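Residue numbers (UniProt numbering): 1 to 610. No residue lacks a Cβ here, since even glycine has one placed at the ideal position from N, Cα and C. Just so we're clear, the structure is a prediction, and the values are computed from it rather than from any experiment.
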Amino acid sequence: MAISTSSDWPLTAIRNPNIRQKLVSPSSNLTFKCPHYLPLSCPKLVSLFHSTSPNNSSSLHDEASRLAALVSFEDRLPDSATLNTFLHGLFGTLGSEELAYECYEKARARAEFKPDRTTLDLVAEYLMRVKRWELVSVLSDDFKVYDLLPDAVTCARLISSCVEARKIRVVESLLLSFQLHREVPVLAFVAAMREYNRIHMFSSTILVFERIKASLDPNLMDSACYFRAIEAHTKLGNVEGVIKLFEEFQSKEFGKTTFSGEILSLVCKSLSKAGLVSEALQLFQEMQINGTVSDPPASLYSSLISSLSSKRVVKSAEGLLDEATRRGKVLRDPDMYLKFVVMYLEEGMLEKTLEVVEVMRFQRKLKVSDCIFCAVVNKFSKRRGYGAAARVYEKLISWGCEPGQVTYALAINAYARIGLHSKAEGIFMEMERKGYDKCLVAYSNMISIYGKMGRLGEAMRLFGKMKAKGIRPNVWVYNSLMDMQGRVHNLKRVEKLWMEMKRWKVVPDRVSYTSLIGAYNRAHEFERCIEFYSEYRASGGKIDRAMGGIMVSVFSKSGRVSELVKLLGDIKVEGGGLDSRLYRSALNALQDAGLQSQAKWLQGSFEAAS
Numbered sequence: 001m002a003i004s005t006s007s008d009w010p011l012t013a014i015r016n017p018n019i020r021q022k023l024v025s026p027s028s029n030l031t032f033k034c035p036h037y038l039p040l041s042c043p044k045l046v047s048l049f050h051s052t053s054p055n056n057s058s059s060l061h062d063e064a065s066r067l068a069a070l071v072s073f074e075d076r077l078p079d080s081a082t083l084n085t086f087l088h089g090l091f092g093t094l095g096s097e098e099l100a101y102e103c104y105e106k107a108r109a110r111a112e113f114k115p116d117r118t119t120l121d122l123v124a125e126y127l128m129r130v131k132r133w134e135l136v137s138v139l140s141d142d143f144k145v146y147d148l149l150p151d152a153v154t155c156a157r158l159i160s161s162c163v164e165a166r167k168i169r170v171v172e173s174l175l176l177s178f179q180l181h182r183e184v185p186v187l188a189f190v191a192a193m194r195e196y197n198r199i200h201m202f203s204s205t206i207l208v209f210e211r212i213k214a215s216l217d218p219n220l221m222d223s224a225c226y227f228r229a230i231e232a233h234t235k236l237g238n239v240e241g242v243i244k245l246f247e248e249f250q251s252k253e254f255g256k257t258t259f260s261g262e263i264l265s266l267v268c269k270s271l272s273k274a275g276l277v278s279e280a281l282q283l284f285q286e287m288q289i290n291g292t293v294s295d296p297p298a299s300l301y302s303s304l305i306s307s308l309s310s311k312r313v314v315k316s317a318e319g320l321l322d323e324a325t326r327r328g329k330v331l332r333d334p335d336m337y338l339k340f341v342v343m344y345l346e347e348g349m350l351e352k353t354l355e356v357v358e359v360m361r362f363q364r365k366l367k368v369s370d371c372i373f374c375a376v377v378n379k380f381s382k383r384r385g386y387g388a389a390a391r392v393y394e395k396l397i398s399w400g401c402e403p404g405q406v407t408y409a410l411a412i413n414a415y416a417r418i419g420l421h422s423k424a425e426g427i428f429m430e431m432e433r434k435g436y437d438k439c440l441v442a443y444s445n446m447i448s449i450y451g452k453m454g455r456l457g458e459a460m461r462l463f464g465k466m467k468a469k470g471i472r473p474n475v476w477v478y479n480s481l482m483d484m485q486g487r488v489h490n491l492k493r494v495e496k497l498w499m500e501m502k503r504w505k506v507v508p509d510r511v512s513y514t515s516l517i518g519a520y521n522r523a524h525e526f527e528r529c530i531e532f533y534s535e536y537r538a539s540g541g542k543i544d545r546a547m548g549g550i551m552v553s554v555f556s557k558s559g560r561v562s563e564l565v566k567l568l569g570d571i572k573v574e575g576g577g578l579d580s581r582l583y584r585s586a587l588n589a590l591q592d593a594g595l596q597s598q599a600k601w602l603q604g605s606f607e608a609a610s
């Protein structure tokens, strides 16, 4: 507040309580008269004015603050209108809001004082700005004492600010004050419901709605109240509550309102999640026919299409998508497109999935998620083979789709399966450059590829690299490495890998034992082969063609005819078979041992199997 410091202004005028000094608010240019009840005869005040130079305009604000500190109310209080006008000026002056609130506190201590609505608005705005929430609670008591509220917008802002600051008790105090007043600001209750929903306090939203219904005039409730309550029930998954409130909303005959489309969208979404997709679609069509919702929002179309896609109702989903397109609705919900793609994949309509991706990229300008990318590539690999999967991968890359970790792993596997090892290696390097360097599946595939390419050193280097990154190798990695090392007769490395598996508690499978026994068989260490075979059988392992073939060779070469005969019996019982080379090896071993009956049995069994 600016205070005149002109040398032409006599000190007697300051000391004279009958002369009113003019105080001008620089922010509003409103002139207020300093009431005669503010004592200005204090020596400190005199020194203040003596020390003030007319040219020292920068000290005006400091003078106002120092003056305010000396203000005290005497027994004689002016009428409320005069004091309210004075407070308006103080609150409107930049930098003097704190002073204004101090004056308000002193004024409210006097029984004769009653603030007007503007004063309460200004006090509320100040407390929100300085975030003095404990004083907001005191202010809510003033609302009850003076039987007066700020305007509806200020009430709503008070609620929103307190919820944002997580001052829930203050919110409840304010709502109680509003509830007891004859002019209930419904906007404030709607604000409370909106903010509670925003911070996921859905149960509190429902309680506020029930409070409005129970304590206030039902005619005061508008469509916004119902929208927030239905939104809360939807988030809680309470379909019955949604339907009940929607029926109540329809009975109110609000007609076409701002929230009609959103309410319909929430109801349809709730019905869809409950598996009542046909009911949701029927409601959607009825609301359009009766004119309640003439222009459904894009979010409603997305919700219905997503639900229909999840239920794999292809025709209805496609029809609704066409309708939305005709109406100019821009559907940009990635989740809807994902469900559309999954629907086509499950129905075997693989080409349709590419059409959806093309629409996303070139019409909607949407980013194709890795979920969609990998789902398409994976389904093509299962339905059309790895070659088709590789071609689809390249097409989507050319459309600007960006693969993620899962898609990269699928692509590496596809190229490896069709023998394009260098291409797979290139994709793996690209994957690492983009930061996807902790994918166990990709490392496993690349180690297998290096083994097939005869690049054993690269495989072991990659094995060490993945462990250095904290990726624990799985059984597939160990199987590949043991097979590679076994083929080059590096038994020390094979045994080291086997012991490492045990130490890391990686459970070996049938392939693990096959690779291990095969390695010792190549080195003609038949005792070790039999030792590991016995361990495998003791753990419940079954004999397949690969395991059976190796052990036939082991028993034949080591002259263990009785074990060979038992093995052949186990192979027949467990449904295995022998290739011609191993069959000849087993037959020769039996004939050399003079076991003609067993040789004839083997011949009969092999011919029957053939």
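Using alpha carbons as the reference points, say which of the options lies closest to residue i.
i, options, result
"E286", "P403, Q250, E458 and K273", "Q250"
"R129", "F113, K106, Y101 and D142", "Y101"
"T258", "Q282, V277 and S223", "S223"
"H88", "L120, F202 and R110", "L120"
"L366", "T93, T292, T205 and P334", "P334"
"V376", "F362, A414 and Q363", "A414"
"M201", "Q591, I168, I372 and V186", "I168"
"Y301", "N290, A599 and L283", "L283"
"E164", "W133, S173, F178 and F143", "W133"
"V511", "K492, E531, L481 and R522", "L481"
"Y315", "R327, E347 and R211", "Contrary to the premise, residue 315 reads as Lys rather than Tyr in this sequence. Considering only alpha carbons, the answer is E347."
"S422", "Y408, Y450, F532 and R433", "Y450"
Between residue i and residue j, which are expected to be in contact by the criterion C-beta below 8 Å, what is the C-beta distance as a whole number of angstroms?
i, j, result
"V190", "R228", "6 Å"
"I412", "M466", "That pair is no contact at about 14 Å."
"A274", "V313", "About 16 Å separates the two Cβ atoms, so there is no contact after all."
"I571", "G541", "Incorrect: roughly 13 Å between the Cβ atoms, too far for contact."
"T154", "E125", "7 Å"
Three-state secondary structure (DSSP) at residue i?
i, result
"S294", "coil"
"E183", "coil"
"G419", "coil"
"C103", "helix"
"H88", "helix"
"S539", "coil"
"W399", "coil"
"W476", "helix"
"L516", "helix"
"T407", "helix"
"T258", "coil"
"S309", "helix"
"R157", "helix"
"D592", "helix"
"K379", "helix"
"A414", "helix"
"R510", "helix"
"R364", "coil"
"I199", "coil"
"M482", "helix"
"D437", "coil"
Just curious, the alpha helix (DSSP H) that residue i is in, first and last residue?
i, result
"T205", "F202 to S215"
"D121", "R117 to V130"
"S558", "Per DSSP, S558 belongs to no alpha helix (DSSP H) and is neither H nor E."
"A459", "L456 to A468"
"G241", "V239 to S251"
"P334", "P334 to E346"
"K235", "S223 to K235"
"N490", "That residue, N490, is in no alpha helix (DSSP H); it is neither H nor E in DSSP."
"S96", "No alpha helix (DSSP H) contains S96, which DSSP labels as neither H nor E."
"D142", "W133 to Y146"
"K452", "L440 to K452"
"L220", "That residue, L220, is in no alpha helix (DSSP H); it is neither H nor E in DSSP."
"V330", "Taken as a continuous stretch (DSSP letters only), V330 belongs to no alpha helix (DSSP H), as it is neither H nor E."
"M287", "V277 to I289"
So with Cβ pairs under 8 Å, would you call residue i a contact of chain D?
i, result
"D333", "Absent here is chain D; the protein component of the structure consists of one chain."
Exercise. When the Cβ atoms of the segment 398-405 are set against those of the segment 380-389, are three or more pairs found closer than 8 Å?
Worked result: no
For this session: Specify whether the segment 260-272 and the segment 294-303 touch according to this definition: at least 3 beta carbon pairs, one from each stretch, less than 8 Å apart.
Result: yes
Problem set entry | Inter-stretch contact (C-beta, 8 Å, three-pair minimum) for the segment 475-483 and the segment 430-447 | yes
For this session: Specify whether the segment 338-352 and the segment 300-320 touch according to this definition: at least 3 beta carbon pairs, one from each stretch, less than 8 Å apart.
Result: yes
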